[in-house]
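J.: Residue numbers (the working numbering): 120 to 449.
By construction, the Cβ of each residue, glycine as well, lies at the ideal position given by its N, Cα and C atoms.
For reference, the structure I am asking about is given below.
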Ligand code: BYC
């Protein structure tokens, strides 16, 4: 494992000799494919990395409901509305499994939510882009959920038990999400009007590059990858997964009759992969820093929802306190 990582583009990790005794034993368990469970000993940095990644992932699911929620009242048919509603509810469920998985590491739901609402915690850049037309709903399903599946299938085999198990169900649901998006686009592109097809092309032009950014910075600039791969939290690097997404999506775009907005996109016979153009990393960093098209709107929507739900949390706490007092008397 160590030897494999030395030559990758990602940042170097500590060698076996540099690890303490318990760290070496922990690494051995990870290398042997033993699942780490909440009560097991783990290095503090492993715990911290997992809390960071799982909570960011949970926030992404919750904030990710907003761009799609924008179209619930304007879905073109009852069937499409029911599908979209089910998908958005699934995303809420994913957020909740993930917050629960993070809680097993000793962080509270309140702390995580506070970090999101204060702007301290990150969530996926992709959800800071607007959904301008109905075709954007198809693009989110096809490209965003498609990318999510590529990124999350390996997480089902990650070293931390509660995260890996949560991912199994999440991935099954993401698969339905991806299919409904692509189905929507097939209807519009292959059976719809020229105007509908043009709407899909415009949506692809806006969502293609942000979808590639979902996988994170290039390997050479990824601060966490080397350590996370050593700990088998990540099984593939950001660039490997991004390449997979391009290779999978280009033929799908061709089937829709849409053009991927990248003049440098070309099949490379020798590599057995598509070559693609340079991603605008300045845009990625600007969005992470809070300067994407919708960052402020998204956080404000979450803050408003949190405030509006205060009475529910109070009612639950009052009920729980009453139950506890009753149990004490009995
Ligand atoms: N957006 O060292 P790196 C969904 C940050 S939900 C924002 O490579 P790592 C869906 C990164 O956090 C999709 N920030 O990081 C939901 C790090 O900053 P910190 C969410 C990003 O963790 C609803 C810094 O950049 N999926 O699909 O090794 C509806 C350096 O990066 C992004 C997940 O969360 C980004 N795109 O790798 C529809 C999957 N990329 O924390 C769909 C789980 C990077 O050091 N997460 N950063 O300050 C992961 O697999 C990994 O965390 C990542 C990044 C591949 C995203």
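In chain order, what are the residue ranges of uninterrupted alpha helix (DSSP H) at least 4 long that sit wholly in the stretch 191–253?
T.: 197–222 and 228–236
J.: Please classify residue 361 as buried or exposed, where buried requires at least 16 neighbouring CB atoms within 10 angstroms.
T.: Here residue 361 corresponds to residue number 242 of the chain shown, with the count starting at 1. Residue 361 should be labelled buried.
J.: Buried or exposed: residue 438, going by 16 or more other Cβ atoms within 10 Å of its Cβ?
T.: On the chain shown, position 319 is the one that residue 438 refers to. Only exposed fits residue 438, as fewer than 16 other CB atoms lie within 10 angstroms of its CB.
J.: Tell me whether residue 264 counts as near the ligand BYC, meaning its Cβ is closer than 6 Å to at least one heavy atom of that ligand.
T.: Locating residue 264 in the chain shown gives position 145, where the first residue counts as 1. Yes, the beta carbon of residue 264 sits closer than 6 Å to at least one heavy atom of the ligand BYC.
J.: Please find out if some non-hydrogen atom of the ligand BYC comes closer than 6 Å to the beta-carbon of residue 363.
T.: Here residue 363 corresponds to residue number 244 of the chain shown, with the count starting at 1. A distance criterion of 6 Å places the beta-carbon of residue 363 beyond contact range of the ligand BYC, judged by its closest non-hydrogen atom.
J.: For residue 339, does the count of other Cβ atoms within 10 angstroms reach 16, so buried, or fall short, so exposed?
T.: Residue 339 sits at position 220 when you count from the first residue of the chain shown. Around the Cβ of residue 339, a 10 Å sphere holds fewer than 16 other Cβ atoms; the residue is exposed.
J.: Heavy atom of the ligand BYC less than 6 Å from the Cβ of residue 455, yes or no?
T.: Examination of residue 455 is not possible in this model, given that the chain is present from 120 through 449 alone.
J.: Using only the alpha-carbon positions, how far apart do residue 423 and residue 268 sit?
T.: Residue numbering aside, residue 423 sits at position 304 when the chain shown is read from its first letter. Residue numbering aside, residue 268 sits at position 149 when the chain shown is read from its first letter. If I take the Cα positions, the gap works out to 30 Å.
J.: Candidates 173, 302, 381 and 272: which alpha carbon is nearest residue 241's?
T.: Translated into positions along the chain shown, residue 241 becomes position 122. Of the listed residues, the one whose Cα sits closest to residue 241 is 173.
J.: Can you determine whether any heavy atom of the ligand NAP sits closer than 6 Å to the C-beta of residue 286, and answer yes or no?
T.: Within the structure as shown, the ligand NAP is missing, the only ligands being the ligand BYC.
J.: Let's see if you can read the secondary structure: which residues bound the alpha helix (DSSP H) around residue 366?
T.: Position 247 of the chain shown, counted from the start, is the residue given in the question as residue 366. From DSSP, the alpha helix (DSSP H) with residue 366 extends over 357–375.
J.: Between residue 96 and residue 275, is the Cβ-Cβ spacing less than 7 Å?
T.: As displayed, the chain neither begins before 120 nor continues past 449, which places residue 96 out of reach and without an answer.
J.: Give every residue of the same chain whose Cβ lies closer than 7 Å to the Cβ of residue 264, excluding the five residues on either side of it in the sequence, and list them in chain order.
T.: Along the chain shown, read from residue 1 onward, the residue named residue 264 stands at position 145. These residues qualify, in order along the chain: 293, 296, 297 and 300.
J.: Can you list, in chain order, the residues of its chain whose CB lies under 6 Å from that of residue 346, leaving out five sequence neighbours each side?
T.: Against the chain shown, residue 346 aligns to sequence position 227. Within the same chain, residue 346 has close Cβ partners 132.
J.: My assumption, with CB atoms under 8 Å, is that residue 343 sits in contact with residue 192. Please give the rounded CB distance.
T.: Against the chain shown, residue 343 aligns to sequence position 224. Against the chain shown, residue 192 aligns to sequence position 73. That pair is no contact at about 39 Å.
J.: Could you tell me whether the stretch 413–430 touches the stretch 381–395, using the rule of 3 or more Cβ pairs below 8 Å?
T.: no
J.: Pull up the distance between the alpha-carbon of residue 402 and that of residue 284, whole angstroms please.
T.: In the chain shown, residue 402 corresponds to position 283, counting from 1. In the chain shown, residue 284 corresponds to position 165, counting from 1. Near 34 Å, if we compare the C-alpha coordinates of residue 284 and residue 402.
J.: Mapping DSSP to helix, strand and coil, what is residue 438?
T.: Here residue 438 is taken as the residue at index 319 of the chain shown, counted from 1. In this structure, residue 438 counts as helix in the three-state DSSP scheme.
J.: Could you spell out where the beta strand (DSSP E) holding residue 383 opens and where it closes?
T.: Against the chain shown, residue 383 aligns to sequence position 264. Careful: residue 383 lies outside any beta strand (DSSP E) and carries neither H nor E.
J.: Would you mind giving the Cβ-Cβ distance between residue 228 and residue 218, rounded to the nearest angstrom? I have them listed as a contact below 8 Å.
T.: Within the chain shown, residue 228 is the residue found at index 109, counting from 1. Within the chain shown, residue 218 is the residue found at index 99, counting from 1. 5 Å between Cβ atoms; contact.
J.: Return yes when the Cβ of residue 254 is within less than 7 Å of the Cβ of residue 319, no when it is not.
T.: Counting from 1 along the chain shown, the entry for residue 319 is found at position 200. Counting from 1 along the chain shown, the entry for residue 254 is found at position 135. Contact flag set, yes.
J.: Measure from the alpha carbon of residue 336 to the alpha carbon of each residue in 448, 359, 248 and 139, then state which is nearest.
T.: Numbered from its first residue, the chain shown carries residue 336 at position 217. Checked all of 448, 359, 248 and 139; the closest Cα to residue 336 is 359.
J.: Flag this pair as yes or no: are the beta carbons of residue 384 and residue 330 separated by less than 7 Å?
T.: Here residue 384 is taken as the residue at index 265 of the chain shown, counted from 1. Here residue 330 is taken as the residue at index 211 of the chain shown, counted from 1. Contact flag unset, no.
J.: For residue 151, report the span of its beta strand (DSSP E) as first-last.
T.: As a first step, residue 151 is located in the chain shown; it is residue number 32 there, counting from the start. Where residue 151 is concerned, there is no enclosing beta strand (DSSP E), given that its DSSP letter is neither H nor E.
J.: Comparing alpha-carbon positions, which option in 177, 304 and 202 lies nearest residue 271?
T.: Residue numbering aside, residue 271 sits at position 152 when the chain shown is read from its first letter. Out of 177, 304 and 202, 177 has the C-alpha closest to the C-alpha of residue 271.
J.: Say yes only if the C-beta of residue 152 is nearer than 6 Å to one or more non-hydrogen atoms of the ligand BYC, and no if none qualify.
T.: Along the chain shown, one-based indexing puts residue 152 at 33. Taking 6 Å as the cut-off, the C-beta of residue 152 does not count as close to any heavy atom of the ligand BYC.
J.: Return the CA-CA distance between residue 363 and residue 357, expressed in angstroms with no decimal places.
T.: On the chain shown, residue 363 is found 244 positions in, with the first residue counted as 1. On the chain shown, residue 357 is found 238 positions in, with the first residue counted as 1. Approximately 10 Å between the Cα atoms of the pair.
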